[in-house]
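J.: Protein chains in written order, with full-length UniProt numbering: chain S, 1 to 159; chain V, 1 to 512.
Think of the CB as a built atom: it goes at the ideal place given N, C-alpha and C, for glycine as much as any other residue.
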Amino acid sequence: MKVTLESSDGQVFTVDKEVAELSVIIKEMLVIEQANQDHPIPLLNVGAVELAKVIEYCEHHRNDPTIDDDEDYDSRKKPIEMDDWDKQFTIVNKEMMFELILAANSMQVKPLLHLGCRYAADIVKRMSPTEIRDLFQIDDDFTPEEQDKIEWEKQWTKL
Amino acid sequence: MVRSAIVLPELTEAVANYLEQVDLANCVQVCKAWSEVFTPLLYHHVQVLTSSHGMFRAKTPWEALQKHSSHVRTITVTTGEFPSLELWGSDCRNLTALYLGPLQTVFQRSLWCSRLMVLIANNPSIHTLKVYLYRDLARDILHQYKALKHLPALKNLLLLKDPSTRGSYWSDVAFQEILEGGHRLENLVCDFQYGGTTSLDTTMEETIHHQMWTEIKSLQVYDQIGSRAIELAQRCPNLTRLNVKLMDYYNKHCSILQQMTRHFQSGHLSRLEHLEISGLDVGSRGGGGGGGGGSVVESTIRDFLRVCASTTALKTFCLDGFYVSDELLTELWRYHAGSLENLSIMEKKGLQSSNVLQALSSCPNLRLFKGRLSRESLYLEDLVRSPWICKDLRVLHLVSSDRIELDDEMFASVIESPADTSSWPRSNIAWQRQVWAQIGALKNLETLHLSIHNEHCEIEIFSFSNGGMEHILGLKRLTELGIPEEGKESFMNNQDKQDLMQRRPRLRILYI
Chain S
1 MKVTLESSDG QVFTVDKEVA ELSVIIKEML VIEQANQDHP IPLLNVGAVE
51 LAKVIEYCEH HRNDPTIDDD EDYDSRKKPI EMDDWDKQFT IVNKEMMFEL
101 ILAANSMQVK PLLHLGCRYA ADIVKRMSPT EIRDLFQIDD DFTPEEQDKI
151 EWEKQWTKL
Chain V
1 MVRSAIVLPE LTEAVANYLE QVDLANCVQV CKAWSEVFTP LLYHHVQVLT
51 SSHGMFRAKT PWEALQKHSS HVRTITVTTG EFPSLELWGS DCRNLTALYL
101 GPLQTVFQRS LWCSRLMVLI ANNPSIHTLK VYLYRDLARD ILHQYKALKH
151 LPALKNLLLL KDPSTRGSYW SDVAFQEILE GGHRLENLVC DFQYGGTTSL
201 DTTMEETIHH QMWTEIKSLQ VYDQIGSRAI ELAQRCPNLT RLNVKLMDYY
251 NKHCSILQQM TRHFQSGHLS RLEHLEISGL DVGSRGGGGG GGGGSVVEST
301 IRDFLRVCAS TTALKTFCLD GFYVSDELLT ELWRYHAGSL ENLSIMEKKG
351 LQSSNVLQAL SSCPNLRLFK GRLSRESLYL EDLVRSPWIC KDLRVLHLVS
401 SDRIELDDEM FASVIESPAD TSSWPRSNIA WQRQVWAQIG ALKNLETLHL
451 SIHNEHCEIE IFSFSNGGME HILGLKRLTE LGIPEEGKES FMNNQDKQDL
501 MQRRPRLRIL YI
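(1) For chain S, find out if any of its Cβ atoms is closer than 8 Å to the Cβ of residue 29 of chain V; answer yes or no.
(2) Counting only beta-carbon atoms, is residue 105 of chain S nearer than 8 Å to chain V?
(3) Counting only beta-carbon separations shorter than 8 Å, does residue 62 of chain S have a partner in chain V?
(4) Quick one: what does DSSP say residue 513 of chain V is sitting in, helix, strand or coil?
(5) Identify the continuous alpha helix (DSSP H) that holds residue 57 of chain S and give its terminal residues.
(6) Which one of S:93, S:144, S:141 and S:134 has the shortest CA to CA distance from residue 119 of chain S?
(7) Quick one: does residue 435 of chain V have its CB under 8 Å from some CB of chain S?
(8) Per DSSP, what are the beta-bridge partners of residue 316 of chain V in this structure?
(9) Between residue 258 of chain V and residue 469 of chain V, what straight-line distance do the alpha-carbon atoms span, to the nearest angstrom?
(10) Ordered along the chain, which non-local residues of its own chain (more than five positions away) have a Cβ less than 6 Å from that of residue 492 of chain V?
(11) Step through the CB atoms of chain S and report whether any lies within less than 8 Å of the CB of residue 335 of chain V.
(12) Cβ atoms of residue 120 of chain V and residue 147 of chain V: under 8 Å apart, would you say?
(13) Determine whether the Cβ of residue 391 of chain V lies closer than 8 Å to any Cβ atom of chain S.
(14) When you compare the CB positions of residue 478 of chain V and residue 507 of chain V, do they come within less than 8 Å of one another, or not?
(15) To the nearest angstrom, how far is the alpha carbon of residue 372 of chain V from that of residue 448 of chain V?
(16) Beta carbons nearer than 8 Å to chain V: which residues of the stretch 107 to 131 of chain S have them?
(17) Measuring only between beta-carbons, confirm whether residue 61 of chain V sits less than 8 Å from chain S.
(18) Taking Cβ-Cβ distances shorter than 7 Å, what residues in chain V pair up with residue 154 of chain S?
(19) Are there 16 or more other CB atoms within 10 angstroms of the CB of residue 91 of chain S, so buried, or fewer, so exposed?
(20) Per DSSP, which one or two residues make a beta bridge with residue 3 of chain S?
(21) Residue 10 of chain V: which of S:141, S:104, S:143 and S:125 sits nearest, CA to CA?
(22) With distances taken from CA atoms, which of V:313, V:324 and V:315 is nearest residue 300 of chain V?
(23) Do you know offhand how far residue 32 of chain S's Cα is from residue 59 of chain S's?
(24) Measuring CB to CB, does residue 231 of chain V end up less than 8 Å from residue 179 of chain V?
(25) How long is the line joining the alpha carbons of residue 100 of chain V and residue 187 of chain V, rounded to whole angstroms?
(26) Measuring straight from C-alpha to C-alpha, what distance separates residue 116 of chain V and residue 44 of chain V?
(27) Quick one: which residues of the stretch 460 to 483 of chain V get their C-beta closer than 8 Å to a C-beta of chain S? List them in chain order.
(28) Are any of the Cβ atoms in chain V nearer than 8 Å to that of residue 25 of chain S?
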């Protein structure tokens, strides 16, 4: 069975139902609107470029087992595994990837969201605060005194 | 301009999971908004791992921690001195998990314990307590200081063997504390042996003796004759996971499984999905008579497999350390083949090839299969008599058993005479190709370990050059290939290896 999705800029995509259902939001919508499937499902926060990419991801992962969100008793969750395809998939510019994280978040595509978070973490890893600020174009709004204080507090992590 | 998706509150924690503390500390320094988001995460998990450089005397780091101690959720302490409440800070009241050890040494045990108890008293929200057994420390924490009584929200109690301590024992008094406080637990690991000789306190109230622990889902214990394992099994009707470690000298019966079998026969419904049994030695076979049907423990496991199947089918079955009979495996396939996802049979002597084939050709849902193959009687043709149907297999680990001294009386009865190998060189290559083709059809394979040999065969019975390259290259998800150690066996020649590394640069090749 096919379903149609409409991006925020009005482009319509037709995909298999099982592919679209990787998005928790769409899955829930399909349950509610079972009778009314002539109209495309509107995705108000997702542009056509991102939606195409999300669909590409879902097509590839359509047969994956669902991720268990069960809390482990160890506080740190096991990192997700990335296969070659995933690694290729994340080779896009950073802006695109961050847009994708937001899209995955608003559509609730859990595995893509995990992938994106890992990607974001890999970018930030081993960057100095200045480098992070440059990347995200964030202004340093700390006073020198506040910076000193944080620097002092940071000693805890060096134990 | 990059929209900083990672500061969306619902995403930061997921991102933080992949970050080290030093990275989190850098994020805190970026700007006020980031500081607000990342500061709690920076203090989420606090580890006190070393007291060697006067850490307890240095004021600064502790003052920083005290300022943020309301954010602390989990604490790990492996130091001989336990930090006092003053050092943790009075706001340290939101802990959910406490990990103690492994410990090298403990100075002043009573001070260590009493400081721990003060921290516990301030944190009734703790749901996980993991203690490595260091001498009698666990006993003291449980018995003398009655820790369980002060942990009203405790769900996971993990009492683990200390890697540096030989022989870990629990005693009656500590065990009694578990019996009294265990009804709230969901997960209990008692990773040490019972060493007491005295019996339980008979004055313990009747209600406690017969109390059912309905919450508990997962249990890991040592099993010994006359052990307390039965005591525990009796009270755990809703287990979904059971991990039994059998003791060498006492493993003729596997009393805990006997108890569970009785349990299920008397009307309790089995919810068991994961069963792991380890530590059973081949030395226990026979058990005095050793007549055809195998040992008592084997028939116990067979009964158990049959009885538990009346309400649930197993997803996990792991058995390690002893000789598995065809009868036991027949029961396993008959009742659980359809549901098994993880199967690991690492017996010492090694499985017959036909048994391995049965696993691969009758369990459609297998995701992990680890098997040790008999070195004495490996026949490739037996591995490919029918198609492998486990198309979702992610991990395949097939290795031959170690060389076994043939004069060992125990094995003499189970070892078959070597087959006539004169016809092998011709037909063997065709069988090798068939095995590779079956492996190549497991499209979801991520990890593949192969080290297959036959004791009586002079040529290499299974090598990469007979079909390996083509089928390995077809496995798009494969990230790890384990092969026999270099020089020892000629599974893969250097040329093939370099070729493969060039064509699949991301494939990790390791020696197993």
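T.: Inspection of the coordinates gives the following:
(1) Chain S, which has a Cβ nearer than 8 Å to the Cβ of residue 29 of chain V, makes this yes.
(2) It does: the Cβ of residue 105 of chain S has a partner Cβ on chain V nearer than 8 Å.
(3) No, residue 62 of chain S does not count as interfacial toward chain V.
(4) It is not possible to answer for residue 513 of chain V, since the shown part of chain V is limited to 1 through 512.
(5) Note, residue 57 of chain S: alpha helix (DSSP H), 48 to 60.
(6) Residue 119 of chain S has its Cα closest to that of S:93, out of S:93, S:144, S:141 and S:134.
(7) It does not; no Cβ of chain S falls within 8 Å.
(8) Under DSSP, residue 316 of chain V forms a beta bridge with V:274 and V:342.
(9) Residue 258 of chain V and residue 469 of chain V: Cα-Cα distance of roughly 48 Å.
(10) Correct list, in chain order: 464 and 483.
(11) Interface annotation, residue 335 of chain V: not in contact with chain S, CB-CB separation never under 8 Å.
(12) In this structure, residue 147 of chain V lies near residue 120 of chain V, with their beta-carbon atoms less than 8 Å apart.
(13) Residue 391 of chain V is outside the set of residues whose beta carbon lies under 8 Å from a beta carbon in chain S.
(14) Contact: yes.
(15) Residue 372 of chain V and residue 448 of chain V: Cα-Cα distance of roughly 14 Å.
(16) Per Cβ criterion, the list reads 113, 114, 116, 117, 118, 120, 121, 122, 124, 125, 126, 127, 128 and 129.
(17) Yes, its Cβ sits closer than 8 Å to a Cβ of chain S.
(18) Within chain V, the residues near residue 154 of chain S are 25.
(19) Burial call: exposed.
(20) For residue 3 of chain S, which the question treats as bridged, DSSP gives the partners S:15.
(21) If we check each option's Cα against that of residue 10 of chain V, S:104 comes out closest.
(22) From the listed residues V:313, V:324 and V:315, the smallest Cα separation to residue 300 of chain V is found for V:324.
(23) Between residue 32 of chain S and residue 59 of chain S, the C-alpha separation is close to 23 Å.
(24) Cβ distance < 8 Å, so residue 231 of chain V and residue 179 of chain V count as in contact.
(25) If I take the Cα positions, the gap works out to 17 Å.
(26) So the alpha carbons of these two residues sit roughly 19 Å apart.
(27) Against chain S - using a Cβ distance shorter than 8 Å - the residues of the stretch 460 to 483 of chain V are 476, 477 and 479.
(28) By this cut-off, residue 25 of chain S is not an interface position.
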